[in-house]
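Visitor:
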Amino acid sequence: MNDERSPSTRRAFLGTGAFALAAAAAGAGVHGAESPAGGAAQSAAADPLPTAPSSNGPAAEGPSFVEPARRVPLIEDCDVIVCGAGPAGVSAAIAAARCGAKTRLIEVRGCLGGVWTAGLLSWILDWKNKSGFMAELRQRLLDGKAATVYDNDLGYAPEKMKLILEQLCTEAGVVVQLHTRVSAAYCEQGRLTTIVADSKSGREAFRARVFVDATGDGDLAAQAGCTFAVGRQGSRQTQPMSMIAMLVGLDPKAVARFVRGLAEPLGEMRPKMRLYEEMQRAGVAPSYAQPTLFYIRDGLFCLMANHEYGVSAFSAADITAATLRSRAEVHRLVDALRSLGDPWSNVQIVATNEHIGVREGRRIKGLYEVNIDDLRHSKEHEDAVCRVTFPIDVHATDPNKEKGIERAEFRVKFYDVPYRALVAKDVQGLLTAGRCISGDFIAHSSYRVTGNSVPMGETAGVAAALAAQSNRLPAELPWAEIHARREELRALRPRALKADF
Ligand SMILES: Cc1cc2nc3c(=O)[nH]c(=O)nc-3n(C[C@H](O)[C@H](O)[C@H](O)COP(=O)(O)OP(=O)(O)OC[C@H]3O[C@@H](n4cnc5c(N)ncnc54)[C@H](O)[C@@H]3O)c2cc1C
Numbered sequence: 008m009n010d011e012r013s014p015s016t017r018r019a020f021l022g023t024g025a026f027a028l029a030a031a032a033a034g035a036g037v038h039g040a041e042s043p044a045g046g047a048a049q050s051a052a053a054d055p056l057p058t059a060p061s062s063n064g065p066a067a068e069g070p071s072f073v074e075p076a077r078r079v080p081l082i083e084d085c086d087v088i089v090c091g092a093g094p095a096g097v098s099a100a101i102a103a104a105r106c107g108a109k110t111r112l113i114e115v116r117g118c119l120g121g122v123w124t125a126g127l128l129s130w131i132l133d134w135k136n137k138s139g140f141m142a143e144l145r146q147r148l149l150d151g152k153a154a155t156v157y158d159n160d161l162g163y164a165p166e167k168m169k170l171i172l173e174q175l176c177t178e179a180g181v182v183v184q185l186h187t188r189v190s191a192a193y194c195e196q197g198r199l200t201t202i203v204a205d206s207k208s209g210r211e212a213f214r215a216r217v218f219v220d221a222t223g224d225g226d227l228a229a230q231a232g233c234t235f236a237v238g239r240q241g242s243r244q245t246q247p248m249s250m251i252a253m254l255v256g257l258d259p260k261a262v263a264r265f266v267r268g269l270a271e272p273l274g275e276m277r278p279k280m281r282l283y284e285e286m287q288r289a290g291v292a293p294s295y296a297q298p299t300l301f302y303i304r305d306g307l308f309c310l311m312a313n314h315e316y317g318v319s320a321f322s323a324a325d326i327t328a329a330t331l332r333s334r335a336e337v338h339r340l341v342d343a344l345r346s347l348g349d350p351w352s353n354v355q356i357v358a359t360n361e362h363i364g365v366r367e368g369r370r371i372k373g374l375y376e377v378n379i380d381d382l383r384h385s386k387e388h389e390d391a392v393c394r395v396t397f398p399i400d401v402h403a404t405d406p407n408k409e410k411g412i413e414r415a416e417f418r419v420k421f422y423d424v425p426y427r428a429l430v431a432k433d434v435q436g437l438l439t440a441g442r443c444i445s446g447d448f449i450a451h452s453s454y455r456v457t458g459n460s461v462p463m464g465e466t467a468g469v470a471a472a473l474a475a476q477s478n479r480l481p482a483e484l485p486w487a488e489i490h491a492r493r494e495e496l497r498a499l500r501p502r503a504l505k506a507d508f
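What follows is the structure, given as structure tokens:
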């Protein structure tokens, strides 16, 4: 594991009375867990205050500015705080609230769903063998005429997903806080107790008994001082980011042979290749050599044809440049298709994703690291949170060699993600869920898909509630107890019990 950790993480934050000062220190631009390139950043050596790390600090070198200390309001009304409202975070918050824990869900964007909604993903993979909240959500989407089953995949309308997730959170009693970025975390004797977040309300501190990091990039865990890995072992190369677009104006029958989900039943097994050839015929070559057009339903299509290589998930400048470049590319590709005439003559982009899709951020070190050998040997665990059936899926990291999907070393049958991979190793009182759990580069490429993020979140939420309600740490909970509570919860919703095998 190419572990990283802020030098400042070894400094404990002791004593709640000092909170106002510590929060001020976090605002003072101290202790980035990493530079934009991911290396160790500024240390706290000159700062006399008790401190905790922030991953958003400035780079180690160059001019810096010391923000004046200030007092921030402290909000202390929850058992469980979930940071990040993507597939994992929403599932965690709903499960925790359904267990009776007072739960706050903090999300930086203006909607729930993460990559599902702000990211316009619109395609759920590896959902079929999942019972519990995944099965419940699938049914809710199908009942709302917002989704279609395509063999092993589930296509859904992102706008409807936003609404359904809001309804589910409201029904469960989750306190949802949008437009709020978690920007610092503080530990007391090795236990995460307090976070600081920025929003239009200003800078605010929140305390809870247990926290779940579902930020995808592992922001909270890094801020709290957890060790983490990024990218491939050694080179630290990460999978490319992708801009996604929603399209309308196409007749599903007329374009079927180019469309995943529609082509296969017609005996056309290479729709991506057909689309690539069609783009070449239109005089353009997409940066992703396996461009994919998905049919959701009711005339709505989703296009994934862009790769942004070598972009750091921790650099606003890099992400901005990638966003501008990729949006221009997606428009260029669609304009070119339209110029071909029928069946493309009326195609138009109705939306591009609000945040470019980030496949990889930090993988936070947990009590267990899911690894390539688990995939190779179909490893089963007693504390299995979910069973992954999705293959190794590494989008090319070096465009000079390959612009599609890298060839996998072997075929994955199945393997389990254990609860221990969700329990942060270096900081107590903290669970992770979704793509930031503990795993190696190859394992991450497989378990990261959203059909697995959901049960990870659901289980983290149950465990967080149990720990908070019984005054224990997540690491102290016997798996049998978490499992029993999760099944009890599922039994209250018969639709949630049944996987669609
Ligand atoms: C281009 C692309 C295509 C993919 N294709 C598929 C596919 O077809 N099917 C599939 O199932 N999976 C697919 N995946 C994988 C999948 O989308 C992710 O791995 C999955 O979203 C992980 O869910 P998550 O909840 O962990 O993270 P995310 O969906 O990334 O959610 C994290 C949430 O945390 C919020 N957040 C981040 N930092 C902070 C902070 N500091 N404070 C507050 N909030 C914060 C974010 O805004 C976001 O809402 C794809 C991913 C990408 C990028």
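Number 508 marks the last residue of the sequence shown (the working numbering); no jumps. Don't be surprised by glycine CBs; every beta carbon is placed ideally from N, CA and C. Bear in mind the structure is a predicted one, so any value in this text is a computation, not a measurement.
Closest by CA to residue 406, which one among 375, 69 and 294?
Guide: 294
Visitor: Regarding residue 393 and ligand 1, is the C-beta to nearest heavy atom distance less than 7 Å?
Guide: no
Visitor: Mapping DSSP to helix, strand and coil, what is residue 276?
Guide: coil
Visitor: Who does residue 300 pair with in a DSSP beta bridge?
Guide: 266 and 310
Visitor: Span of the beta strand (DSSP E) holding residue 112?
Guide: 110 to 113
Visitor: Tell me where the beta strand (DSSP E) around residue 195 begins and ends.
Guide: Boundaries of the beta strand (DSSP E) around residue 195: 188 to 195.
Visitor: How many angstroms separate the CA atom of residue 277 from the CA atom of residue 271?
Guide: 8 Å
Visitor: If you follow the alpha helix (DSSP H) that residue 226 is in, where does it begin and where does it stop?
Guide: 226 to 231
Visitor: Please tell me whether, using a cut-off of 7 Å, the distance from the CB of residue 537 to the nearest non-hydrogen atom of ligand 1 is below it.
Guide: Since the first residue of the chain shown is 8 and the last is 508, residue 537 is not available in this structure.
Visitor: List the endpoints of the continuous alpha helix (DSSP H) containing residue 162.
Guide: Here residue 162 belongs to no alpha helix (DSSP H); instead the beta strand (DSSP E) covers 160 to 163.
Visitor: Alpha carbon to alpha carbon, what distance is there between residue 376 and residue 437?
Guide: 16 Å
Visitor: State yes or no: is the C-beta of residue 82 within less than 8 Å of the C-beta of residue 212?
Guide: yes
Visitor: Could you tell me the boundaries of the alpha helix (DSSP H) in which residue 3 lies?
Guide: Limits of the chain in this structure are 8 at one end and 508 at the other, which puts residue 3 out of reach.
Visitor: Let's test the definition: count the other Cβ atoms within 10 Å of the Cβ of residue 448 and tell me whether it reaches 16, buried, or not, exposed.
Guide: Counting other Cβ atoms within 10 Å of its Cβ, residue 448 reaches 16 or more and is therefore classed as buried.
Visitor: Tell me which residues share the same chain as residue 380 and place their Cβ nearer than 6 Å to its Cβ, disregarding the 5 neighbours each side in the sequence.
Guide: none
Visitor: Classify residue 127 as helix, strand or coil using the three-state DSSP reduction.
Guide: coil
Visitor: Answer yes if the region 311 to 324 comes into contact with the region 237 to 255, meaning at least three C-beta pairs across the two stretches below 8 Å, and no otherwise.
Guide: yes
Visitor: Could you name the residues that DSSP lists as bridge partners for residue 90?
Guide: 113 and 220
Visitor: Once DSSP output is grouped into helix, strand and coil, what is the label at residue 419?
Guide: Residue state for residue 419 is assigned as coil, using DSSP reduced to three classes.
Visitor: Are residue 440 and residue 382 touching if we call contact CB-CB under 8 Å?
Guide: Result no, Cβ atoms of residue 440 and residue 382 do not sit closer than 8 Å.
Visitor: Examine ligand 1 and report whether any of its heavy atoms sits within less than 7 Å of the Cβ of residue 90.
Guide: Residue 90 Cβ: within cutoff of ligand 1.
Visitor: Residue 419 and residue 398 - do their beta-carbons sit closer together than 8 Å?
Guide: yes
Visitor: Does the count of Cβ pairs from the region 86 to 104 and the region 210 to 230 closer than 8 Å reach three?
Guide: The region 86 to 104 makes contact with the region 210 to 230, as at least three CB pairs between them are under 8 Å.
Visitor: Taking residue 167 as the reference, which of 209, 79, 188 and 303 has the closest Cα?
Guide: Among 209, 79, 188 and 303, the Cα nearest to that of residue 167 belongs to 303.
Visitor: Kindly examine ligand 1 and report whether one of its heavy atoms sits closer than 7 Å to the Cβ of residue 311.
Guide: yes
Visitor: Hey, how far is the Cα of residue 415 from the Cα of residue 338?
Guide: 31 Å
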